[in-house]
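See below for the structure under consideration.
Number of protein chains: 2
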Amino acid sequence: MKTRQVKVLGTGAYLPEKRVTAEDMDRRLGKPEGWVYKKSGVKVRHYAENESVSQMGAKAAFAALADAGLEAERLDCIICTNAVPEQPIPCTAALIQSEMKLGDSGIPCLDVNSTCLSFLAGLDLISYLIDAGRYDRVLLVAPEIASVGLNYSQSESAILFGDGAAAVVVGRTPAGESSGIVASRIETYGSGAALSEVRGGGSKLPSIAYEPERIADFLFDMQGEALFKKTSKLLPDFLKKLFGEGGVTLEDVALVIPHQGSAMAMRLLQRKLRIPDDKLMNIIEQHGNMIAASLPMGLHEAIRLGRLKRGDLTAVIGISAGLSLGGLLLEY
Amino acid sequence: MKTRQVKVLGTGAYLPEKRVTAEDMDRRLGKPEGWVYKKSGVKVRHYAENESVSQMGAKAAFAALADAGLEAERLDCIICTNAVPEQPIPCTAALIQSEMKLGDSGIPCLDVNSTCLSFLAGLDLISYLIDAGRYDRVLLVAPEIASVGLNYSQSESAILFGDGAAAVVVGRTPAGESSGIVASRIETYGSGAALSEVRGGGSKLPSIAYEPERIADFLFDMQGEALFKKTSKLLPDFLKKLFGEGGVTLEDVALVIPHQGSAMAMRLLQRKLRIPDDKLMNIIEQHGNMIAASLPMGLHEAIRLGRLKRGDLTAVIGISAGLSLGGLLLEY
Chain A
1 MKTRQVKVLG TGAYLPEKRV TAEDMDRRLG KPEGWVYKKS GVKVRHYAEN ESVSQMGAKA
61 AFAALADAGL EAERLDCIIC TNAVPEQPIP CTAALIQSEM KLGDSGIPCL DVNSTCLSFL
121 AGLDLISYLI DAGRYDRVLL VAPEIASVGL NYSQSESAIL FGDGAAAVVV GRTPAGESSG
181 IVASRIETYG SGAALSEVRG GGSKLPSIAY EPERIADFLF DMQGEALFKK TSKLLPDFLK
241 KLFGEGGVTL EDVALVIPHQ GSAMAMRLLQ RKLRIPDDKL MNIIEQHGNM IAASLPMGLH
301 EAIRLGRLKR GDLTAVIGIS AGLSLGGLLL EY
Chain B
333 MKTRQVKVLG TGAYLPEKRV TAEDMDRRLG KPEGWVYKKS GVKVRHYAEN ESVSQMGAKA
393 AFAALADAGL EAERLDCIIC TNAVPEQPIP CTAALIQSEM KLGDSGIPCL DVNSTCLSFL
453 AGLDLISYLI DAGRYDRVLL VAPEIASVGL NYSQSESAIL FGDGAAAVVV GRTPAGESSG
513 IVASRIETYG SGAALSEVRG GGSKLPSIAY EPERIADFLF DMQGEALFKK TSKLLPDFLK
573 KLFGEGGVTL EDVALVIPHQ GSAMAMRLLQ RKLRIPDDKL MNIIEQHGNM IAASLPMGLH
633 EAIRLGRLKR GDLTAVIGIS AGLSLGGLLL EY
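So the protein sequences, as listed, match chains A and B.
Sequence positions in the first sequence follow our numbering and run 1 to 332.
Sequence positions in the second sequence follow our numbering and run 333 to 664.
So this is what it looks like as structure tokens:
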């Protein structure tokens, strides 16, 4: 695979004000103190109140633009890479564009969706357009409000999630620099689609069919154990292929940025890849699983904290509903 | 712009059994006979019953694969390019993959959404990956069930839509052939987002907030006149740029395939581009506006009817909620 000439120009994040601690969740779910933290590894997460994903996305986007030293007007494409749209029509990227006061700019907007892997899939796709010279300053933005879709009677999944937004500005690597995407890979196994889903709210079971008695159909439903089992089987071969395509080994990687699905999912990845603690970006304790915002948030935090430096190779890896596995080897 | 080496290998379509005529709609809406046809230009449309978009999409996909002479197992990417997902999680492409009995194949799946322009945006994106050699046999599938989201008290919009699915298989142009994408362009004006929308059913106004009194928030809402006005202003400059980037004029184009938004929207495009009737693909009479399925359905019908032949240049052009304008110049 030829390295795609793509450089991360800036990253940004936004977290809603309201903090919900593990103890808050213990009380909400009627569990003994310590239960939520032990089960989830999440100490605190944020919940949005009276704000929309487009508002949250615009805030993260402006932070990323400031980090890149770029005026919003100079963007030439905006991609929303989240899992659940703000509203069914139009695409969320157009709403973010409008929220950014770019509503008359003509900057092309579209959404790319692969649930928790949306950011990875969006970056993977757009990197080819940047490499080919079609676009040069692209905003990828992933705002999520997981909290409206949680099923508190399924505590195993409800305790995992938090809200938030992260954004990344990417452009073509300047001549003489070495940033780029070395390899990327996505595999989807639709046979596992029902292991992690929200059944109601699309065309199959429309919102207007909602009745309080069937609320569970309209909330997140996860079969954690089956998901873990299926993933464990698929992951080793997937990782082997990803690293093989990149012609690199874990030794070459400075930092693995995993999707923060759950503490258990990250331990699985860590074991399968034999990743030492200092090479693993773990932000679940302070954020929970932020659906598609987790991967760009991990990247943002890694850069902000100095754990990923220019020239470093990072492996962005995740598992999402679908069921999909995704990986991307990026020289930052 | 360098021509991207992409070839349409096969197309397919699927229409639900139930036919709803203009006269059926006259009666449903309490209008005098002839009103619906005169207002919409739609003689008959199809409505899905007891079937899902993934089932419809799989049927269109198999038809496209048969047309391409390709086994489903040989696909290396599946992209769902529709406007409204089957369910909020996971992405619809994974559900289609499963419906196609490819659930254990690992074929990567993702959704690309730009409402009515989703197919155009998806083809635009993936053409770079095909040109670069990442994927070689990609299924784009656009199944839509518009009928569950219509507001029959807003007759102006309700009379326009129909359900259906279309699919296109694309691959790399073989050496010595000239198929390819000559130019493509998308412009989004989020300031027009509220002119064509479904507000409820995403994270902002979740399904679980649905109450019968606010049903209008969960159904399609269009401000036709304002949309027409805004589009009329933007279209001429957009088309000039699109054709300029391709270095071609309408003279070079064998057939314009417009999004079948409404008879009025197509007359506007026809007038602005001065398209003679025999160069315009108009399928609205038999299908209505099938949201994102309209563009690939137009392409499918154009090929099936012999109106687009190998070597011909076609201009695929549309306007979508967002508000977005999209155009793609394709040598078939």
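All C-beta atoms in this analysis are idealised placements derived from N, C-alpha and C, irrespective of residue type, glycine included.
Here the structure is a predicted model, which means the values were calculated and not measured.
| task | Helix, strand or coil for residue 310/B, going by three-state DSSP, please let me know. | result | Since the displayed chain B opens at 333 and closes at 664, residue 310/B lies outside it and no answer follows.
| Just how far apart, CA to CA, sit residue 47/A and residue 119/A? | To locate residue 47/A, count along the first sequence from 1; it is residue 47. To locate residue 119/A, count along the first sequence from 1; it is residue 119. Each residue's alpha carbon lies about 21 angstroms from the other.
| With DSSP run on the structure shown, which of helix, strand or coil describes residue 31/A? | Against the first sequence, residue 31/A aligns to sequence position 31. Coil.
| Can you name, in chain order, every residue of its own chain whose Cβ lies under 8 angstroms from the Cβ of residue 493/B, other than the five neighbours on each side? | As a position in the second sequence, residue 493/B is number 161, starting the count at 1. Closer than 8 angstroms at Cβ, skipping near neighbours: 377, 478, 479, 482, 552, 620, 621, 622, 623.
| task | Would you list, in sequence order, the uninterrupted alpha helix (DSSP H) runs of no fewer than 4 residues that lie entirely inside the stretch 243-326 of chain A? | result | Inside the stretch 243-326 of chain A, DSSP marks whole alpha helix (DSSP H) runs of 4 or more residues at positions 263-273, 284-287, 294-304, from first to last along the chain.
| said: Contact between the stretch 296-311 of chain A and the stretch 394-404 of chain B is defined here as three or more beta-carbon pairs at a separation below 8 angstroms; is this criterion met? | reply: no
| task | Could you tell me whether the Cβ atoms of residue 441/B and residue 421/B are closer together than 9 angstroms? | result | By one-based count along the second sequence, residue 441/B stands at place 109. By one-based count along the second sequence, residue 421/B stands at place 89. No, the Cβ-Cβ distance between residue 441/B and residue 421/B is not below 9 angstroms.
| message | Would residue 621/B pass as an interface residue toward chain A - the criterion being a Cβ-Cβ separation below 9 angstroms? | response | As a working note, residue 621/B is residue 289 in the second sequence. Residue 621/B does not count as touching chain A.
| Near-chain B residues of the stretch 261-295 of chain A - C-beta to any C-beta below 8 angstroms | none
| message | Am I right that residue 61/A and residue 12/A are in contact with their C-beta atoms under 8 angstroms? What's the rounded C-beta distance? | response | The residue labelled residue 61/A in the question sits at position 61 within the first sequence. The residue labelled residue 12/A in the question sits at position 12 within the first sequence. Indeed they touch by this definition, with Cβ atoms about 7 angstroms apart.
| What alpha helix (DSSP H) runs, 4 residues minimum, are completely inside the stretch 487-516 of chain B? | 487-490
| residue 563/B by DSSP, collapsed to three states: which one? | Here residue 563/B corresponds to residue number 231 of the second sequence, with the count starting at 1. Three-state DSSP puts residue 563/B in a helix.
| request: Could you tell me the distance, in whole angstroms, from the CA atom of residue 3/A to the CA atom of residue 327/A? | output: The sequence position of residue 3/A within the first sequence is 3, counting from 1. The sequence position of residue 327/A within the first sequence is 327, counting from 1. The C-alpha of residue 3/A lies about 15 angstroms from the C-alpha of residue 327/A.
| said: When you compare the CB positions of residue 103/A and residue 650/B, do they come within less than 9 angstroms of one another, or not? | reply: Against the first sequence, residue 103/A aligns to sequence position 103. Against the second sequence, residue 650/B aligns to sequence position 318. Against a cut-off of 9 angstroms, the Cβ pair of residue 650/B and residue 103/A comes out as no contact.
| Pair within 9 angstroms by beta-carbon distance, residue 131/A and residue 172/A | Taking the first sequence and counting its residues from 1, the one referred to as residue 131/A is at position 131. Taking the first sequence and counting its residues from 1, the one referred to as residue 172/A is at position 172. Taking 9 angstroms as the Cβ cut-off, residue 131/A and residue 172/A qualify as a contacting pair.
| field | Own chain partners of residue 165/A with C-beta closer than 6 angstroms, once the 5 adjacent residues on each side are dropped | value | Within the first sequence, residue 165/A is the residue found at index 165, counting from 1. Within the same chain, residue 165/A has close Cβ partners 14, 56, 57, 60, 143, 293.
| request: Label residue 354/B either buried or exposed according to how many other C-beta atoms from any shown protein chain fall within 10 Å of its C-beta, with 16 as the threshold for buried. | output: Sequence index remark: in the second sequence, residue 354/B carries index 22 (1-based). In the assembly as shown, residue 354/B is a buried residue. Its beta-carbon has 16 or more other beta-carbons within 10 Å.
| field | From 534/B, 527/B, 583/B, residue whose alpha carbon lies closest to that of residue 418/B | value | Sequence index remark: in the second sequence, residue 418/B carries index 86 (1-based). Comparing Cα-Cα distances from residue 418/B to each of 534/B, 527/B, 583/B, the minimum goes to 534/B.
| request: Tell me, to the nearest whole angstrom, how far the beta carbon of residue 520/B is from that of residue 630/B; I am working on the premise that it is less than 8 angstroms. | output: What you label residue 520/B is simply residue 188 of the second sequence in a count that begins at 1. What you label residue 630/B is simply residue 298 of the second sequence in a count that begins at 1. That belief does not hold up - the Cβ atoms of residue 520/B and residue 630/B are roughly 22 angstroms apart, past 8 angstroms.
| Ranges of the alpha helix (DSSP H) found wholly within the stretch 27-115 of chain A, counting only runs of at least 4 | 35-40, 53-68, 92-99
| Outcome for residue 628/B when other beta-carbon atoms lying within 10 angstroms are tallied against a minimum of 16 | Here residue 628/B corresponds to residue number 296 of the second sequence, with the count starting at 1. With 16 or more Cβ atoms within 10 Å of its Cβ, residue 628/B is classed as buried.
| Which residues mark the beginning and the end of the alpha helix (DSSP H) in which residue 453/B is found? | Numbered from its first residue, the second sequence carries residue 453/B at position 121. Membership of residue 453/B in the alpha helix (DSSP H) is indicated by the continuous run 450-463.
| field | Integer Cβ distance of residue 286/A from residue 43/A, believed to fall under 8 angstroms | value | Within the first sequence, residue 286/A is the residue found at index 286, counting from 1. Within the first sequence, residue 43/A is the residue found at index 43, counting from 1. Confirmed, about 7 angstroms.
| query | With C-beta atoms as the reference, is residue 91/A less than 9 angstroms away from residue 139/A? | reply | Working through the first sequence from its first residue, we reach residue 91/A at position 91. Working through the first sequence from its first residue, we reach residue 139/A at position 139. No, these two residues do not count as a Cβ contact at 9 angstroms.
| task | Give the secondary structure of residue 236/A by DSSP, where H, G and I count as helix, E and B as strand, and everything else as coil. | result | Position 236 of the first sequence, counted from the first residue, corresponds to residue 236/A. Looking at residue 236/A - three-state DSSP - the assignment turns out to be helix.
| task | Drop a sphere of 10 angstroms on the beta-carbon of residue 510/B, count the other beta-carbons inside from all chains shown, and report buried for 16 or more, exposed for fewer. | result | As a first step, residue 510/B must be located in the second sequence, where it is residue number 178. Result: exposed.
| Is residue 595/B near residue 611/B, with beta carbons less than 9 angstroms apart? | Start at 1 with the first residue of the second sequence, and residue 595/B comes out as number 263. Start at 1 with the first residue of the second sequence, and residue 611/B comes out as number 279. No; because the gap between Cβ atoms is not below 9 angstroms, this pair is not in contact.
| field | Continuous beta strand (DSSP E) stretch holding residue 21/A: start and end | value | Along the first sequence, one-based indexing puts residue 21/A at 21. Following the DSSP letters along the chain, one finds residue 21/A inside the beta strand (DSSP E) bounded by residues 18-21.
| request: Report back the beta-carbon spacing between residue 515/B and residue 574/B to the nearest angstrom; my notes put them in contact at under 8 angstroms. | output: Within the second sequence, residue 515/B is the residue found at index 183, counting from 1. Within the second sequence, residue 574/B is the residue found at index 242, counting from 1. With 8 angstroms as the limit, residue 515/B and residue 574/B qualify as a contact, their Cβ atoms being about 6 angstroms apart.
| query | If residue 338/B and residue 454/B are in contact, beta carbons under 8 angstroms, what's the gap, nearest whole angstrom? | reply | For the purposes of this step, residue 338/B is identified with residue 6 of the second sequence, where counting begins at 1. For the purposes of this step, residue 454/B is identified with residue 122 of the second sequence, where counting begins at 1. Their Cβ separation, rounded to whole angstroms, is 12 angstroms, which puts residue 338/B and residue 454/B out of contact at 8 angstroms.
| said: Give me the subset of the stretch 531-542 of chain B whose CB atoms are less than 9 angstroms from a CB atom of chain A, sorted by chain position. | reply: Cβ contacts with chain A: 531, 532, 533, 534, 535, 536, 537, 538, 539, 540, 541, 542.
| field | Cutoff 9 angstroms: residue 32/A Cβ touching any chain B Cβ | value | Translated into the one-based positions of the first sequence, residue 32/A becomes position 32. Output row for residue 32/A: interface = no.
| said: Contact criterion: CB-CB distance below 9 angstroms. Does residue 71/A meet it with respect to chain B? | reply: The residue labelled residue 71/A in the question sits at position 71 within the first sequence. No, no contact with chain B.
| So, helix, strand or coil for residue 533/B, using DSSP? | Counting from one through the second sequence, the residue named residue 533/B turns up at place 201. Coil at residue 533/B, not helix or strand.
| query | Going by other Cβ atoms of all chains shown within 10 Å of its Cβ, with 16 needed for buried, is residue 82/A buried or exposed? | reply | As a position in the first sequence, residue 82/A is number 82, starting the count at 1. Residue 82/A comes out buried.
| For residue 334/B, three-class secondary structure by DSSP | To locate residue 334/B, count along the second sequence from 1; it is residue 2. It is coil, neither helix nor strand.
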